[in-house]
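Start counting the sequence shown at 642; every next residue gets the next number (the working numbering).
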Amino acid sequence: MSLAHLPAEIHALISSHLSQETLPSYRLTSKRLADIGAQHLFRAISFHASYASLNRVQNLGSHPHLKEYVQCLTWDTSYLNLEDRNYDDWKDRVCTLRAAELAEIWESWHAQGLDHDTVSGCMERFLCEAYERYIESVLDDLDVRIHYQASLPDLLAQFPKLKTIVVDRKPYAGPDAAAAAVEDLASKPAELVKRGMLFALPRVPYRYAQDMVSLVAALRAAQASAPPLEVHLENLHFDLFTQSSFTFDLQPIDVLRISRLHLHFALTRPSHDPLDSSMNVMNCRCVLHHGHLKAFLQKFKGLRALGLDFEYRSCGNGRAAVELRNVFGDALAWPKLSELTILHADTSECVLKALLAAHAGSLRRLALGDVCLDPPGSWEALLTSVQPSLSLEEADFSYFLFDARIENFVRGKAAMVGWYVDGEESVELGRSDLGERLGSFMVEGGTCPLQKQRKIVRVVGRLEDGSVEDWVEERHSSVVT
């Protein structure tokens, strides 16, 4: 049997494991495989604020067949600095990023018998013409940047099977990008060229107020869709919720039609400096203490799915970026909420128990990861107590579950006490099946697997030289049993 005659189910399975780069070659095998491959190739596409990018999406939306395959659109809100358009700066960047390409052109002219001065003149004219085209594209992109958010609903309306819009800021063009230097940019020339740009990442600090602009634009576009779209906002900076004016931005939006919302707070800087990231965590904790996020979430009464990912826990003292009592108030509940995800948070046992109890009738999927209960909280007692009242179809536990935090555990450093529940391989701990067993317990009942599971201690804190120690050690003392 030839490849083309394999059952469609097998080809669909093969396509699901192929990369975006490999799928086009797979589709060329036959007309039948072209359609199967297209379903996977165009299932999720992305765009950003440039003329070329939006034009590609619009062309896809006008295709009678391919537009039917699009289920997820990712809007990359990162952009590149188009304000400084000096020729000499542009030339320096291009000569660095495209050095190999320009060298080939130079050699081809030499091979034609041209002398050095003539080749130099040809190269200068070549670069000048390229620079003129670049300036034209810059003007187009500046115009797009001004108007494209207003046209976002029309853009989404082209895809009848669209289910999700993801608002993301890609790391290589994100805030405080470490790749501002040319040598860092040179490692990603294909990405930069594909984005229609041969210049530089932003030199100015990222303005976090743009997070709100992106979210509002996405929500407006989602509300114009029928049925309502799922909205994910990735790499959201916490400074958004320091703005008391954000409530006014949402007034014209019918947020009751937004059924799914996922917020990912970006707290780790691209440099991965643990000290900087720990400071971000504590700043975020202070900001959210004022209840801005709680007020924001209260507007979405029709939510069926809510995800909150706070990304990181401080290496300095083990604190998370949020306490759930500052996010979920006593009166904050969503009658139709069926999916809840909380990652990297601190909470008291009573707050989390009340949150789960308030949604016991509707909640079907629960995901918790790196959540620490304040003393004297007990995960075993909490899960055993709420399990009978819930009707979960799926429960997922990842990272750690902590139920104690000890100050000055050793040499002035704090300790987090609890269980490693992640199925992913860990250098220190290997792979744990505890998360899977906890998930089964929450769905099917029985005996809580934490009852016989030994705890671990995770020690965090600054050493005498100012560096950060972050390690995990198993103890057998009464502290962790």
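All C-beta atoms in this analysis are idealised placements derived from N, C-alpha and C, irrespective of residue type, glycine included. Everything numeric in this text was worked out from a predicted model, so none of it was measured.
Cβ contact annotation for residue 1015 (same chain, cutoff 6 Å, sequence separation greater than five): 989, in chain order.
The Cβ-Cβ distance between residue 1079 and residue 1038 falls below 7 Å.
In this structure residue 1059 is in contact with residue 1044, their Cβ atoms being roughly 5 Å apart against a cut-off of 8 Å. DSSP, read as helix, strand or coil, puts residue 766 in helix.
Contact between the region 945-961 and the region 921-933 is present: three or more C-beta pairs spanning the two stretches fall below 8 Å. When DSSP states are grouped into helix, strand and coil, residue 1080 belongs to the helix group. With a cutoff of 7 Å on beta-carbon distance, residue 946 and residue 899 are scored as not near each other. Judged by DSSP in its simplified three-state form, residue 710 adopts helix.
For residue 985, the uninterrupted beta strand (DSSP E) segment begins and ends at 980-988. In chain order, 710 place their CB closer than 6 Å to the CB of residue 680, counting only its own chain and leaving out the 5 sequence neighbours on each side. Rounded to whole angstroms, residue 695 and residue 792 show a C-alpha spacing of 10 Å. Residue 967 and residue 935 do touch by the CB rule: their CB atoms are close to 6 Å apart, below 8 Å. Note: residue 687 is bridge-paired with 715 in the DSSP secondary-structure output. For the pair residue 959 and residue 873, the Cα-to-Cα distance works out to about 27 Å. Within its own chain, the residues whose Cβ lies closer than 8 Å to the Cβ of residue 1088, once the five positions on either side in sequence are excluded, are 1082, listed in chain order. When the alpha-carbon of residue 688 is set against those of 755, 786, 760 and 749, the nearest one is in 786. In this structure, residue 859 sits near residue 806, with a CB-CB distance shorter than 7 Å. With a threshold of 16 other beta carbon atoms within 10 Å, residue 1062 meets it and is buried. A Cβ-Cβ separation of about 6 Å places residue 712 in contact with residue 803 under the 8 Å criterion. Our two residues, residue 714 and residue 732, have alpha carbons roughly 34 Å apart in a direct line. Rounded to whole angstroms, the gap between the alpha carbons of residue 766 and residue 693 is 25 Å. If you check the CB distance, residue 1000 and residue 1023 do not come in under 7 Å. By the neighbour-count criterion, in which 16 or more other beta carbons inside 10 Å mark a residue as buried, residue 1029 falls on the exposed side. In this structure, residue 1010 places its C-beta atom within 7 Å of the C-beta atom of residue 984. In the DSSP assignment, residue 806 falls within the unbroken beta strand (DSSP E) covering 805-809.
Annotation for residue 736: no beta strand (DSSP E) segment contains it, though the alpha helix (DSSP H) segment containing it runs 728-738. If you draw a straight line from the Cα of residue 1012 to the Cα of residue 1002, it comes to about 23 Å. Here the C-alpha atom of residue 1052 lies approximately 54 Å from the C-alpha atom of residue 741. As for any alpha helix (DSSP H) of minimum length 4 sitting wholly inside the region 970-1057, the runs are 990-999 and 1020-1027, ordered along the chain. Within the same chain, 994 come within 8 Å of residue 1026 by CB-CB distance, once the 5 residues on both sides are set aside. If the five residues before and after residue 1084 are omitted, its C-beta is found closer than 8 Å to the C-beta atoms of 1033, 1034, 1035 and 1036, all from its own chain and listed in chain order. A direct Cα-to-Cα measurement between residue 1092 and residue 1018 gives close to 15 Å. No Cβ-Cβ contact shorter than 7 Å links residue 962 with residue 1006.
Only exposed fits residue 744, as fewer than 16 other CB atoms lie within 10 angstroms of its CB. The beta carbon of residue 746 is closer than 8 Å to those of 764 and 767 in its chain, skipping five residues each way along the sequence. Rounded to whole angstroms, the gap between the alpha carbons of residue 970 and residue 903 is 19 Å.
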